[in-house]
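K.L.:
Protein chains in written order, with the working numbering: chain R, -12 to 100; chain C, 5 to 117.
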Amino acid sequence: GESVGLHLPTLSVQEGDNSIINCAYSNSASDYFIWYKQESGKGPQFIIDIRSNMDKRQGQRVTVLLNKTVKHLSLQIAATQPGDSAVYFCAERGEYPGNQFYFGTGTSLTVIP
Amino acid sequence: DGGITQSPKYLFRKEGQNVTLSCEQNLNHDAMYWYRQDPGQGLRLIYYSQIVNDFQKGDIAEGYSVSREKKESFPLTVTSAQKNPTAFYLCATSRQDFFYEQYFGPGTRLTVT
Chain R
-12 GESVGLHLPT LSVQEGDNSI INCAYSNSAS DYFIWYKQES GKGPQFIIDI
38 RSNMDKRQGQ RVTVLLNKTV KHLSLQIAAT QPGDSAVYFC AERGEYPGNQ
88 FYFGTGTSLT VIP
Chain C
5 DGGITQSPKY LFRKEGQNVT LSCEQNLNHD AMYWYRQDPG QGLRLIYYSQ
55 IVNDFQKGDI AEGYSVSREK KESFPLTVTS AQKNPTAFYL CATSRQDFFY
105 EQYFGPGTRL TVT
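1. Please return the same chain residues whose Cβ sits closer than 6 angstroms to the Cβ of R/Val74, not counting the five positions on each side in sequence.
2. Would C/Gly46 count as contacting chain R if we go by Cβ distances under 8 angstroms?
3. On the three-pair Cβ rule with 8 angstroms, is the region 45 to 64 of chain R touching the region -1 to 19 of chain R?
4. Assign C/Phe103 to buried or exposed, taking buried as 16 or more other Cβ atoms, counted over all protein chains shown, within 10 Å of its Cβ.
5. Could you name the residues of the same chain whose beta carbon sits closer than 6 angstroms to that of R/Lys43, not counting the 5 residues immediately before and after it, in chain order?
6. Nearest chain C C-beta to R/Gly46 closer than 8 angstroms, yes or no?
7. According to DSSP, is R/Asp71 helix, strand or coil?
8. Taking the Cβ atom as the reference point for each residue, do C/Arg99 and C/Asp58 lie within a distance shorter than 8 angstroms?
9. Could you work out which residues of chain R lie near C/Tyr107, taking near to mean beta carbons separated by less than 8 angstroms?
10. If we call anything under 8 angstroms between Cβ atoms a contact, is R/Lys58 one with R/Ser(-1)?
11. Tell me the residue span of the beta strand (DSSP E) that contains C/Glu28.
12. Which same chain residues end up closer than 8 angstroms to R/Ser13 when comparing Cβ atoms and leaving out the 5 residues on each side of it in sequence?
13. Taking the alpha-carbon positions, what's the C/Val56 to R/Gln87 distance?
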């Protein structure tokens, strides 16, 4: 996942612009990835997932890109809205036998009206 | 949050007391998980259960205990042995352990003084 630290990376975008949030993962054997959105004081919400046999997956206003060569994930949000303001983090599934998910620290997205 | 309930939302305890956090789900999911979230860190796995009456330790199980007597319920006890119990605790479920996306409850913020 992303680097661990006391301060989250931040991203500010104008309402209506596109947002790109990045995540570097650590294990080249990871085969499944998820993006979550977390609003303050709430539990994370599933946004979109992608398996390692894919490079790109699209949802409603969101697209996830996977670059296995450089172990990088990105989440693109089209026409960002004020309701998109939240912390976004990625999760990678580790390899067998543990298979557990490892979560990044997140990026705080602020949408400016 | 879907069909995952965590109660209470806020919990305050004195040091040295055990406390149990509730997690109930009506999604008919087999697998349930407990995570801990601290500022600036990714979610860390405490315990998980793939099936009733069975559970496994995660990365930070020391000072915690769980039970899985019913498919719908996976309570977490934070014991007095947990050195730094103040945190945001998240319960999650999935259809099958670590193979499918995990869905999170709203969380319980535990403060121990």
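Virtual Cβ for every residue (Gly too), placed ideally from N, Cα, C. Please read all numbers here as calculations on a predicted model, not as lab measurements.
P.N.:
Reading it off the structure:
1. Locating residue 74 of chain R in the first sequence gives position 87, counting from the first residue. Only Gln25, Gly93 and Ser95 meet the Cβ criterion.
2. Position 42 of the second sequence holds residue 46 of chain C. Yes, because at least one Cβ of chain R sits closer than 8 angstroms to the Cβ of C/Gly46.
3. yes
4. Walking along the second sequence from the start, residue 103 of chain C turns up at place 99. C/Phe103 is exposed by the Cβ-count criterion.
5. Here residue 43 of chain R refers to the residue found at position 56 of the first sequence. The answer, listed in chain order, is Leu52.
6. Translated into positions along the first sequence, residue 46 of chain R becomes position 59. No, because no Cβ of chain C sits closer than 8 angstroms to the Cβ of R/Gly46.
7. Within the first sequence, the letter at position 84 stands for residue 71 of chain R. The answer is helix: DSSP assigns R/Asp71 an H, G or I state.
8. Within the second sequence, residue 99 of chain C is the residue found at index 95, counting from 1. Within the second sequence, residue 58 of chain C is the residue found at index 54, counting from 1. No, these two residues do not count as a Cβ contact at 8 angstroms.
9. Here residue 107 of chain C corresponds to residue number 103 of the second sequence, with the count starting at 1. The contacting residues are Phe33.
10. Numbered from its first residue, the first sequence carries residue 58 of chain R at position 71. Numbered from its first residue, the first sequence carries residue -1 of chain R at position 12. No, the Cβ-Cβ distance between R/Lys58 and R/Ser(-1) is not below 8 angstroms.
11. Taking the second sequence and counting its residues from 1, the one referred to as residue 28 of chain C is at position 24. Start and end: Val23 to Gln29.
12. Numbered from its first residue, the first sequence carries residue 13 of chain R at position 26. Cβ neighbours of R/Ser13 beyond the five flanking positions: Gly(-12), Lys58, Glu79 and Tyr89.
13. Residue numbering aside, residue 56 of chain C sits at position 52 when the second sequence is read from its first letter. Residue numbering aside, residue 87 of chain R sits at position 100 when the first sequence is read from its first letter. Going from the Cα of C/Val56 to the Cα of R/Gln87 covers about 19 angstroms.
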